[in-house]
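So the structure is just underneath, and the comments pick up after that.
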Amino acid sequence: MSKLQADLFSQQDNQELLKQAADFAYSYTKNLPKMRSFPNQQSLSLLKELNIPLPEASEDPAKILGQLNHIGAQNTVPYSVGRYFGFVNGGALPIGLAAKWMADVWDQNAGLYVMSPIAAQTESVCQRWLTELFSLPHGSVAGLVGGTSVATLCGLAAARYRQLSKLNWDLTERGLFGAPSLRIIVGTQTHGTVIKMLNLLGFGRQQLEWVECDKQGRMKVDQLPELDQSCILILQAGNVCSGAFDNFSQLIPQANEAGCWVHVDGAFGLWASASKQFDSLTQGVELANSWSVDGHKTLNTPYDCGIILCSDQDALTHALHQQGSYIQASDERDNMNFTPDMSRRARGIELWACMRYLGRKGIAQLVELLHQRAVYIASQLAKNGFKVVNDVVFNQVIIQCENDEITQATLKALQRSGELWCVGAKWQERSIIRISICSWATTVDDIDCSVATFIKAHRCALSI
Ligand SMILES: Cc1ncc(COP(=O)(O)O)c(C=O)c1O
């Protein structure tokens, strides 16, 4: 036995590394509520210590883990806390984190049933639960990927396959060159990842048919062009800034009638379907053909968990088809048929644990809680002189100050404070501060403290 192999067996046998990692993890989660919302300069300056020449020989693993913990933990950004409002980054439910941790130790390749029966079964059950929860057509299928970006890629690949097949073109056999043209219809508020995925699939910006949106970011129904079976219409459940939902009950039936494929980017907003409170927003969303959604946003699974849902199994599996004589398919679920990747981690394990823990009621309660907190922070900020730009229909709030300069300076002061985290954006040509309530951990007290931080930051911006 070589020395390397002997060392590795000894590390596995004595379990010191795992015990050490567990201790580090316990103190990290304990410290989480007290963490800054972004590392300070002193912490950031430590990162350069990781940038060493590739070592010639192996080194003490306990020392490596210790260094990673020392530098790494203080250079993370905490999401499972009450005052993180950046992007649409969700917190993580404790059961999700624990299940993922266990699954990390199992270290499963989720590609095939014969590689991991537990990965196959958890994804299979989640597929049924999600289909039922969102009231999707019977027989809809799900694949688990890194995020909504890749889920959208999958949905649009299925759409491209199916629409071309309606035009008598077999994409998998004949490829895209020389294929009949497809028309892609998107709103002007479509998320950037959708455009990126369209690019990857061979559709350039100039080829897209852009439909105007209203002030909340919803596609204007009366601007929808004439549709036919060469069309793919892309809608959204939850605009990344305003949280607005497209008018599914009016748009999708028109598309269905014309034989047009509808994909819904529901990264965080599709979860609204889990609560009756949001029926007016989600009505008709189930009539689409494919949906992309994240576990790691509204549902608060740990990172990463993107989900593609598709009512046309044949289109999705043809679009993502792979062959190889060594691939041992089974009569059970083979996860790789539903995603672009073959090897990947077993995300279904923590998704199953989170959904099982919350149940239907808990998921609805979580979604409603995020909405309540968003409504509360909007009302408190409005009372204190900030302009709330959007109708707070879900968990997103858009704030403006007197002018763009003051909005931007307020945002900088907020980020410098270390007390909370928000990001900015442009909304109808104006600077905004985005507040995304996406963690189970946000309490009323967190909102009150955050409003105080907003007031301080605004004063600081006015004094510049
Ligand atoms: C509406 C929308 N679509 C797509 C995405 C991209 O999702 P992901 O980062 O999980 O790929 C986001 C991210 O916030 C989003 O809000």
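426 is the number of the first residue of the sequence shown in the working numbering; add one for each residue after it.
Backbone N, C-alpha and C define an ideal beta-carbon position, used for all residues, glycine too.
Fair warning: this is a prediction, and the values are worked out from it, not measured in the lab.
Of the candidates N465, V689, L607, the residue whose Cα lies closest to the Cα of D719 is V689. Per DSSP, the continuous alpha helix (DSSP H) segment holding R785 begins and ends at 773-808. It is roughly 30 Å from the alpha-carbon of K640 to the alpha-carbon of G507. When the alpha-carbon of A523 is set against those of I774, K812, K837, the nearest one is in I774.
Three or more beta-carbon pairs separated by less than 8 Å link the segment 508-520 to the segment 717-736, which places the two stretches in contact. Here the segment 630-638 makes no contact with the segment 581-595; the two share fewer than three CB pairs at distances below 8 Å.
Here DSSP, grouped into helix, strand and coil, assigns V817 to coil.
Contact between A850 and I857 is confirmed by a C-beta separation of about 6 Å, below the 8 Å threshold. Only exposed fits W531, as fewer than 16 other CB atoms lie within 10 angstroms of its CB. Judged by their CB atoms, W716 and F463 are not nearer to each other than the 9 Å cut-off.
Residues of the same chain with a CB within less than 7 Å of the CB of S549, apart from the 5 flanking positions on each side, are R758 in chain order. Between S755 and Y538, the CB-CB gap stays under 9 Å. Secondary structure in the segment 616-682: the alpha helix (DSSP H) runs of 4 residues or longer, each lying completely within the stretch, are 617-625 in chain order. Counting only residues of its own chain and dropping the five nearest sequence neighbours on each side, H883 has a CB closer than 7 Å to the CB of C826, T835. When the beta-carbon positions are compared, A680 and C656 come within less than 9 Å of each other.
When the Cα atoms are used, S667 and D829 turn out to be separated by approximately 18 Å.
K851 has its Cβ no nearer than 8 Å to any heavy atom of ligand 1. Shown here for Q833: same chain residues with a beta carbon closer than 6 Å to its own, the five before and five after excluded, namely S856 in chain order. Between S864 and Y509, the alpha-carbon positions lie close to 8 Å from each other. A residue is listed when its beta-carbon falls short of 5 Å from at least one non-hydrogen atom of ligand 1; in chain order these are V513, G572, T573, S574, H616, T618, V665, D690, A692, D719. Taking 9 Å as the cut-off, the beta carbon of R781 is found no closer than this to the beta carbon of A535. Between L475 and Q492, the C-beta gap is smaller than 9 Å, which places the two residues in contact.
Residue environment analysis places H563 among the exposed positions, since fewer than 16 neighbouring C-beta atoms fall within 10 angstroms of its C-beta.
In this structure, L652 sits near A683, with a CB-CB distance shorter than 9 Å.
When DSSP states are grouped into helix, strand and coil, S861 belongs to the strand group. Membership of R608 in the beta strand (DSSP E) is indicated by the continuous run 608-612.
Comparing alpha carbon positions, the residue from A799, A545, V869, Q748 closest to R770 is A545.
As the crow flies, the alpha-carbon of G642 is around 35 Å from that of N760.
DSSP places L518 outside any alpha helix (DSSP H), giving it a letter other than H or E. When the beta-carbon positions are compared, L734 and A567 come within less than 9 Å of each other. DSSP, reduced to helix, strand and coil, places D766 outside both helices and strands of the structure shown, so it counts as coil. Secondary structure note for G849: its beta strand (DSSP E) is the uninterrupted segment 848-852. Nearest Cα to L795 within the set N809, V813, V822: V822.
Residue nearest to Q853 within the set K591, Q445, T613 is T613 (criterion: CA-CA distance).
Contact between the segment 692-706 and the segment 660-674 is established, with three or more Cβ pairs separated by less than 8 Å. Sequence-distant partners of D448 (beyond 5 residues in either direction) whose C-beta falls short of 6 Å from its own C-beta are missing from its chain.
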